[in-house]
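In this note's numbering, the protein residues as written are 127 to 901.
Encoded as structure tokens, the structure appears first; notes follow it.
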Amino acid sequence: MDRRDFLRAGMQAGAALGVGGLVEAADQPQSARPSQPPANPPSSGPGDAAPVTIENREFRLVIGSDGKARSLVHKPSGQECLQPLSERSTDASVFSITEYRPYNGEVHLVYPSKSTTYEANSVSRVGDDLIVRFEMSHWVATVGLKTTDSYLGFTLKKLEYVKGFGDNTQHPIDEFTLLQLPVRKREFFGDWLNVVWDNDVAVNVLATDPFPRIDAVKYRDYALLQATAVREAKLIGVGAALIATRKDSLLDRIETLEADFGLPRGVKSRRNEEIRYSYLWLSSVSPNDIDDYIAMARKAGFRGIQIYWPAIFKTLGHYPWRDEYPNGMADLKTITRKIKSAGMIAGFHIQHPKASLSDLYVSPVPDHRLNLLRIFTLATPLDEKSTTVTVEENPEGCDLMTAVMWNKGQILKIGHELIQYEQYTTRRPYQFTGCKRGVMSTQPSAYPLGCKFGLLDIDGQAAVRFDQRTSIQREHAEKIGQIAKEAGFQFFSYDGAEDVHAPWWFWVSMSQYEVHQCLEPEPLFSTGAAKSHFGWHILTCSNEFDTFAPEVIKEATRKHQGAAGKYLAQDFTRCNLGWLNCTPPSDATIGMQPDMYESICAWSAAWDCPISIKGNLAELRAHPRTADNLEVMRRWEEARLARFFSTQQIQAFRDGSRDHTLLIDENGQWELQPYEQIDAAAGANPAVRAFILDRRGKTVIVFWHPRGEANLELDVDPGQVRLFRNLGRELPMGKTGSGVTIPYGARQYLAMDLPRQEALSRIGSARVVGERKRS
């Protein structure tokens, strides 16, 4: 029983016992109600007034005069898109008001201090406006309508207060739900875009500006799609839109909306061919070695190179140049020019909502716009030498404010001074103890009783987060935009958006939007480390991933990247399956091997998602199988971009139950084959990594040495086996008294005129001799 039903039951019970004044209230469908008439009663009973019908060429929305959504019909198909009123799990209206506690005097005297929602109970149309009244509220809302062939727009234009009987203080509204529809369940639900769809129809409730909170409550048979204006972000002028169209037309409708409201061109970006490009990611690069990295990217078939900011600058925030860039921007422009001359696109990996601890934003004079996680009040004056800071508030939990705070984040900011503390007390007198004054080259000072100060919001890295409510994010965005424009960067990674403060649904995308507005021209595409609804228009390739150890990377990729590709496809979005390491083998790890990249690339092809590789020349040169690894990537990248894979093959990749290898056949054409690993090759010797497949009536063994070179002795008739490095170009083998000896290191193919089981037996009994490991 929900709260409304409980209240009704209580009122009815009171009436049965003869308690006066409750009979009328029991019949009123309200969440919380004093014993007085509602401030804004409907002009007639529920259902007596005509419903409000809003429609365009594609769909018709009907809202009852009582505020309930009655119908949403997709006209071309005739499909009803809303859950029937009698089958809904909630009595929610299209519009509502939420107060984080009841504010009206007559209400809060009776009802608990907790979040309370007042549903619309009267909706009427006047021209292009909807006039909305609410149960138990003195507020009247005007919602503006915008009717186009592509969407219906809803904007909160104004809120007016109508006096009632008692308390007429105009208490604030915390939230205003400006659109809420119970949309029937379909095959897919895009949580990020907030869209319910199948192969026939898509129903989408989305924002028309950065300010509404877009969300959905999912029930068994339907989803309650919501757009809510929140006072903490913005109320008046906040807008949302409704789209109901054929699935294949959805992006067209959103593209029109983006143009009409001046939003980032998320649809155009998703349709760029460049969004499909895989790329090399660099955390270290200079004009002296960019040519080597370009050569590596070419060998992998990549058409992009992205540079992480620490490769160029010493600190995040004011961006002083690294010593490898003696000519500053001229050197960076040399790098981006070479990337573009190689036929590749140049990307920039930024961390926009924070500054390095050693940056001028933090030291020696900390900026007043750095974020503070907790605020404290000095309980006693503090001189410039004291190592104990006594405060009014309990500091318990300060070292647990985030899970990954750098050095536990034990830094207090008071005025222009930073103080590092060792411990704190959790009983009065509350104190920070063991304090080091004036850390990070700041100046110790004296502070009076009652001085306010705070716990510095330190990131998991050596960085401080910005207060998004101030001008510092825009200032930092302009610095990023200037660098990007001069250097000519074309795509971006918005790292660190998870490091903004609450409310995250708003600041995650708003911080990204601040940067996006400073980027000229608009990026080809962007990725990010965190997302919220409005960011759909910005993070058009969603996100990259941190990588996993070679020993678990296949299973981890299936669990994470593979699942993400499927999940984000519901939002009509790709992700990037990197950043992947090129870990060389050692005594501690097998290192990244060709079959691992084949597996990752198959997931890439499953959802047409690019990959990215962390480029490290030392690792690439140290790995004995770098040439094979890059060749694997090149084959898969070129085949995916050429849309070589069939629907059946793509479905097999999505199923993920089998490994696949992409061959180059005797005619130089791509050939996809499923294959299985041979765990018992050469008696399970780690010096040989082998896989088996069936091809053209022969059993083929794909094998290599993961760490060096050796010889493989195989007891088999020399006439029954042929060896290839490239199919169609046979290699010689040595002969032994019982069979053949095969020198190997790089990946090779052994075609055997033997049944699969016999071939497995021969490979299992093979011997590795003359092994030469690379350290």
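Cβ atoms here follow ideal geometry from the backbone N, Cα and C, with glycine treated the same way.
With burial defined as no fewer than 16 other Cβ atoms inside 10 Å of the residue's Cβ, what is the status of residue i: buried or exposed?
| i | result |
| --- | --- |
| T494 | Note that residue 494 is His in the sequence shown here, rather than Thr. It counts as exposed. |
| E856 | exposed |
| E839 | buried |
| L101 | Residue 101 falls outside the range modelled here, since the chain spans only 127 to 901, and no answer is possible. |
| L575 | exposed |
| T179 | exposed |
| N793 | exposed |
| Q549 | exposed |
| S212 | exposed |
| P121 | A query on residue 121 cannot be resolved here, the shown segment of the chain reaching from 127 to 901 and no further. |
| A349 | buried |
| N166 | Summary for N166: the model assigns pLDDT 47, below 50, so the residue's position carries little reliability; its value from the coordinates is reported in the next sentence. Buried: at least 16 other Cβ atoms inside 10 Å. |
| I606 | buried |
| A158 | Residue confidence is low: A158 scores 39 on pLDDT, short of 50, so the model does not pin down where it sits. Its coordinate-derived value is still stated next. Per the 10 Å Cβ criterion, buried. |
Helix, strand or coil: which one does DSSP assign to residue i?
| i | result |
| --- | --- |
| H264 | coil |
| L350 | strand |
| E543 | strand |
| F615 | coil |
| P160 | Low local confidence applies: a pLDDT of 34 at P160 is under 50, so the model's placement there is unreliable, and no value is given. |
| P172 | Confidence in P172 is poor, its pLDDT being 45 and thus under 50, which makes the residue's placement unreliable; the coordinate value appears in the next sentence. The answer is coil: DSSP assigns P172 none of H, G, I, E or B. |
| P446 | coil |
| F280 | strand |
| S409 | coil |
| D525 | helix |
| E112 | Given that the chain is displayed from residue 127 to residue 901, the structure contains no residue 112 and the question cannot be resolved. |
| I431 | strand |
| V220 | coil |
| A342 | strand |
For residue i, I'd like the list of residues in its chain whose CB is within less than 6 Å of its CB, leaving aside the five on either flank, ordered along the chain.
| i | result |
| --- | --- |
| L756 | K425 and A426 |
| A175 | S191 |
| D217 | none |
| A806 | G890 |
| A836 | A813, V894, G896 and E897 |
| E286 | V266 |
| C577 | L504 |
Can the beta-carbon of residue i be found less than 9 Å from the beta-carbon of residue j?
| i | j | result |
| --- | --- | --- |
| M527 | D585 | no |
| V826 | M759 | no |
| V327 | H200 | yes |
| H642 | E384 | no |
| P736 | R700 | yes |
| I340 | N325 | no |
| P308 | Q209 | yes |
| I401 | A468 | no |
| I471 | F618 | no |
| A367 | V393 | no |
| N669 | N702 | yes |
| I609 | L458 | yes |
| T274 | D378 | no |
| Y434 | V590 | no |
| I416 | T460 | yes |
Starting from the C-beta of residue i, find all residues in its chain whose C-beta is less than 7 Å away, skip the five residues before and the five after it, and write them out in chain order.
| i | result |
| --- | --- |
| R766 | S730, A731 and D734 |
| G541 | S571 and Y573 |
| F439 | Y445, P446, W447 and R448 |
State the Cα-Cα distance for the pair residue i and residue j, rounded to the nearest angstrom.
| i | j | result |
| --- | --- | --- |
| A359 | L650 | 29 Å |
| R310 | T224 | 25 Å |
| G661 | Q687 | 20 Å |
| E206 | F302 | 27 Å |
| S887 | M722 | 25 Å |
| H297 | E624 | 33 Å |
| D754 | E724 | 11 Å |
| F579 | L408 | 39 Å |
| A695 | K539 | 44 Å |
| G871 | H831 | 5 Å |
| C708 | L498 | 39 Å |
| V517 | T568 | 21 Å |
| V252 | E648 | 40 Å |
| F817 | C667 | 33 Å |
| S404 | R396 | 15 Å |
Given residue i, which residues of its chain have a CB within under 8 Å of its CB, disregarding the five upstream and five downstream residues?
| i | result |
| --- | --- |
| D672 | W705 |
| Y556 | A505, T516, V517, E518, E519, N520, P521 and Y550 |
| T715 | A675, P676, E677 and T709 |
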